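Quick note on numbering: the sequence shown equals residues 7 to 327 in our numbering.
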Amino acid sequence: MLPHPGSFFDAWVSAASGPDGFWTTQVPSAHFRTASTLGPELAQAVATLLRERPGLHRVLELGAGDGRLLTALRAVRPGLDLVGVDLRGRPPELDPAVGWRTDRWDVRADVWVAGAVPALLADGVPTLVLAVEWLDDLPCRLADRTDGRWYELDADRTPLRPLAAADDAWLRRWWPDGVRVEVGRTRDAAWASVVGGLAAGGGAALLVDYGHTAGGRPRTGTLAAYRDGRAVEPSPGADRNLTAHVAVDAVAAAGVAVGARTALAGRQARVLPGLLPPADPGADPLTGLAGRSRRHALTAPTGWGGHHWLLQEVPPRAVTT
Numbered sequence: 007m008l009p010h011p012g013s014f015f016d017a018w019v020s021a022a023s024g025p026d027g028f029w030t031t032q033v034p035s036a037h038f039r040t041a042s043t044l045g046p047e048l049a050q051a052v053a054t055l056l057r058e059r060p061g062l063h064r065v066l067e068l069g070a071g072d073g074r075l076l077t078a079l080r081a082v083r084p085g086l087d088l089v090g091v092d093l094r095g096r097p098p099e100l101d102p103a104v105g106w107r108t109d110r111w112d113v114r115a116d117v118w119v120a121g122a123v124p125a126l127l128a129d130g131v132p133t134l135v136l137a138v139e140w141l142d143d144l145p146c147r148l149a150d151r152t153d154g155r156w157y158e159l160d161a162d163r164t165p166l167r168p169l170a171a172a173d174d175a176w177l178r179r180w181w182p183d184g185v186r187v188e189v190g191r192t193r194d195a196a197w198a199s200v201v202g203g204l205a206a207g208g209g210a211a212l213l214v215d216y217g218h219t220a221g222g223r224p225r226t227g228t229l230a231a232y233r234d235g236r237a238v239e240p241s242p243g244a245d246r247n248l249t250a251h252v253a254v255d256a257v258a259a260a261g262v263a264v265g266a267r268t269a270l271a272g273r274q275a276r277v278l279p280g281l282l283p284p285a286d287p288g289a290d291p292l293t294g295l296a297g298r299s300r301r302h303a304l305t306a307p308t309g310w311g312g313h314h315w316l317l318q319e320v321p322p323r324a325v326t327t
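Structure, rendered in structure tokens:
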């Protein structure tokens, strides 16, 4: 008899961040594009948020990849303290002025493996944390409801065992009408850790990601995988990026529970235009056309415009004497 394949969650963790996992061995840009790599617009929007919050002196990007967003942000807001965090080492072509930390959020233990992120946030520097398409890549448990009871799925997506009590409670609160879905508790914990850590000096955290909220969650979940720019079978494997949309309202509640205040929440199609500078009327026609094309792509409701934006602010912790 063949051994049981184990949980889908464990297989996803290994396929994503194990020694031979996707994020360890692959070049993500070969498999998919993100809004932050399309052009300068996302950096311009972040710069607007920073201008509205002049007390924030540092930007810390989680899952910074090749550092392209931070590089673009440096071009529009020189002088900021910019730091990228990723499980991979510093990109060799990254601007020397951009700092780098190698760290990874452990979805099993709910900790930063190297401790670099908590150490940065603990130094008291008011910080804007960026999580652009980061949470959707964090592995989570898959569950199936049979006869009114939730079961965790194995690597072959068949019922493995009754779902743990905490995960069952999460689904009953956040996805009560689901049938085969993703449990977002690992994403909530990651967000709460980052947002809670901002209390040392105060700051804000911005999520930009694929997501859903109550009343609009698909009953059969959002699990997907991409390889070489195409959708493939969503099974764990180091040759593909496995992802699932974020329960944004649950993440927001996790932030509020550790002291955050939601300052902005909405779809990118609505939020982004108000954060971008006016188009340059003096730009040459080709440059102007390229800019309009990028803005259209970023705000198309069926594409990147469907991204959720969540900005939460955290006041500095009161100092007691």
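Beta carbons are placed, not taken as given, at the ideal position from N, Cα and C, and that holds for glycine.
Fair warning: this is a prediction, and the values are worked out from it, not measured in the lab.
- In the DSSP annotation of this structure, the continuous segment of the beta strand (DSSP E) that includes A231 starts and ends at 230–233.
- Per the C-alpha coordinates, the member of G190, T228, L248, G261 positioned closest to A211 is G261.
- Counting only runs of 3+ residues, the beta strand (DSSP E) found wholly inside the region 209–295 occupies 209–215, 230–233, 236–238, 247–249, 267–273, in chain order.
- Apart from the 5 residues on each side of it in sequence, G61 sits with its Cβ closer than 6 Å to the Cβ of P132 in its chain, given in chain order.
- Straight through space, the alpha carbons of G154 and G95 are spaced by roughly 46 Å.
- Ranked by how close their Cα comes to the Cα of D129, the residues L93, H63, W111 have H63 in first place.
- For L127, no beta strand (DSSP E) segment is defined; the enclosing uninterrupted segment is the alpha helix (DSSP H) at 122–127.
- E47: member of the alpha helix (DSSP H) spanning 47–57, first to last residue.
- Residues D142, Y216, G217, H218, T228 of the same chain have their beta carbon placed closer than 7 Å to that of H251, with the five preceding and five following residues left out of the count.
- As the crow flies, the alpha-carbon of C146 is around 35 Å from that of A103.
- When secondary structure is reduced to three states using DSSP, L68 falls in the strand class.
- The three-state secondary structure of R186, taken from DSSP, is strand.
- In the three-state reduction of the DSSP assignment, A172 falls in the helix class, which pools H, G and I.
- Going by C-alpha positions, L204 is about 7 Å away from P322.
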